[in-house]
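To start, the structure itself, in structure tokens.
In my numbering, the protein residues as written are 1 to 128.
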């Protein structure tokens, strides 16, 4: 069964980076986080900051180019409307450090929350 699932990866389209492909920060989301993430990316990139995002549509198996994309960025932030299951998978499968923004109240993550998160993450890069 596991082999069968892995063969499916050849049929899953590669992820496409949205936003600045040379950004320092990549946001990773899936499902209903897409709209808020896209609006936040547009807002901060419009203000001269460099941020990109990907929206994962297939979770098992994950898209084959996910690891290569994650490794291109200095910092990765995972945005989820749950307790961070995708964040845990990304950290364990690809052995990268991530930042997490999540919510479990059933309410969406607002663009203002995302822009604050993005600004904090970009500031933390300046400190290192």
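Note that CB positions come from ideal geometry on N, CA and C, so glycine has one too.
These numbers were taken from a predicted model, which means no experiment stands behind them.
> From residue 51 to residue 41, what does the alpha carbon distance come to, in whole angstroms?
Replying inline: Roughly 6 Å between the two C-alpha positions.
>> Could you tell me which whole beta strand (DSSP E) segments of length 3 or greater appear in the stretch 18-55?
In response: Listed in chain order, the beta strand (DSSP E) elements of length 3 or more contained wholly in the stretch 18-55 are 25-30.
> Under 8 Å, do residue 73 and residue 24 count as touching if we go by C-beta distance?
Replying inline: With contacts defined as CB atoms closer than 8 Å, residue 73 and residue 24 qualify as a contacting pair.
> Do you know whose CA, among 98, 3, 26, 2, lies nearest residue 55's CA?
Replying inline: Closest by alpha carbon: 26.
> Going by Cα to Cα distance, which pick from 103, 33, 71 is closest to residue 90?
Replying inline: Comparing Cα positions, the closest option is 71.
> Less than 8 Å separating the beta-carbons of residue 79 and residue 109?
Replying inline: Using a Cβ distance threshold of 8 Å, residue 79 and residue 109 count as a contacting pair.
> Which class does residue 62 belong to by DSSP, given the choice of helix, strand or coil?
Replying inline: DSSP places residue 62 in coil when its eight states are reduced to three.
>> If I measure Cβ to Cβ from residue 87 and keep anything under 7 Å in the same chain, skipping five residues before and after, which residues do I get?
In response: Hits under 7 Å: 78, 80, 98, 100.
> Thinking C-beta only, is residue 95 closer than 8 Å to residue 63?
Replying inline: No, Cβ-Cβ distance for residue 63 and residue 95 is not below 8 Å.
> residue 77 bridges to which residues according to DSSP?
Replying inline: 27, 99, per the DSSP bridge assignment.
>> If the criterion is Cβ atoms closer than 8 Å, does the pair residue 102 and residue 116 meet it?
In response: For residue 102 and residue 116, no; Cβs fall outside 8 Å.
>> residue 28 and residue 118 - do their beta-carbons sit closer together than 8 Å?
In response: Going by C-beta atoms, residue 118 is not nearer than 8 Å to residue 28.
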